[in-house]
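Q: Following this message is one structure expressed as structure tokens.
Here's what the structure looks like:
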């Protein structure tokens, strides 16, 4: 079963408008973290925003906000006032606990399929 | 600035060759990861290491092995490269992390491997 699902292979938005990128996740854990990364055409992965499962407020970082709906298991990324430089691939990811040999618990990050965002002038 | 470097940006190898992809981080991070990225599939975890000489299988370990002899270096090995291993390979590192930790993973620039 897919742990992280991004149902929008591609999205288009006009410059200066807002856009929402969808992400749903599947976990039975109570403790987990949700991340969004941006990957421009140059290939580097850029961390954008984080939301912990216990956080009651939606995370915000500048023009990025995360619409966290825990009961629906969704963690949509909202980009306000889109800029041409926002054109990129966007990945949603979830960190869950992983128990390594010896019993120590670590976090393991699982990514969605990605959404290509294109911003039109 | 955290820096994760990978030995090559582009690599072309022949089927059956043994391939080494090297990753080095300079922030004394305990955890290191190898992912492959394919269109429509996102990033999939191959192996990770949470300490020197320790390794754990990720979601798609078949056909790969890893080595971590020093804290800063994590190598991905394709024992006998096949065409279905043509992909973008991304290395990442982070501090020791719990599930709800906000610590981000820092990624290298990626190696685009083509197996012919």
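Chains as they are written, first to last, in the numbering used here: chain A, 1 to 121; chain B, 122 to 237. Yeah, the Cβ is synthetic: ideal placement off N, Cα and C, and Gly gets one too. None of the values given here were measured: they were computed from a predicted structure.
In angstroms, rounded to a whole number, what distance separates the CA positions of residue 196 of chain B and residue 188 of chain B?
A: In a straight line, the C-alpha of residue 196 of chain B is about 5 Å away from that of residue 188 of chain B.
Q: To which residues of the same chain is residue 208 of chain B closer than 7 Å at the C-beta, ignoring the five residues directly before and after it?
A: So the qualifying residues of the chain are 157, 158, 159, 234.
Q: Between the stretch 33–41 of chain A and the stretch 83–95 of chain A, are three or more C-beta pairs nearer than 8 Å?
A: At 8 Å Cβ cutoff, the stretches touch.
Q: Taking a cut of 7 Å between CB atoms, which residues from the stretch 214–237 of chain B lie near chain A?
A: Cβ contacts with chain A come from 218, 219, 220, 221, 222, 223, 225, 226, 228, 230, 231.
Q: Between residue 3 of chain A and residue 115 of chain A, is the Cβ-Cβ spacing less than 7 Å?
A: Going by C-beta atoms, residue 3 of chain A is not nearer than 7 Å to residue 115 of chain A.
Q: Counting only Cβ-Cβ distances shorter than 7 Å, please list the residues of the stretch 123–134 of chain B near chain A, keeping chain order.
A: Within the stretch 123–134 of chain B, no residue qualifies.
Q: Say whether chain B places a C-beta atom closer than 7 Å to the C-beta of residue 109 of chain A.
A: Interface residue, yes.
Q: So which residues of chain C does residue 65 of chain A contact, with C-beta pairs closer than 7 Å?
A: Although the question refers to chain C, the structure presented lacks it and instead comprises the protein chains A and B.
Q: Can you tell which of B:180, B:185, B:204, B:169 has its C-alpha closest to the C-alpha of residue 212 of chain B?
A: Comparing Cα-Cα distances from residue 212 of chain B to each of B:180, B:185, B:204, B:169, the minimum goes to B:169.
Q: So that I know if they touch, is there some Cβ in chain A lying closer than 7 Å to that of residue 190 of chain B?
A: So, not an interface residue.
Q: May I ask which residues mark the beginning and end of the beta strand (DSSP E) holding residue 198 of chain B?
A: From DSSP, the beta strand (DSSP E) with residue 198 of chain B extends over 194–199.
Q: Give me the DSSP bridge partner(s) of residue 143 of chain B.
A: Looking at the DSSP assignment, residue 143 of chain B forms a beta bridge with B:196.
Q: Contact criterion: CB-CB distance below 7 Å. Does residue 177 of chain B meet it with respect to chain A?
A: Yes, its Cβ sits closer than 7 Å to a Cβ of chain A.
Q: Please report the Cβ distance between residue 94 of chain A and residue 32 of chain A, rounded to the nearest whole angstrom; I am assuming they are in contact, meaning their Cβ atoms lie under 8 Å.
A: About 6 Å separates the two Cβ atoms, so the contact holds.
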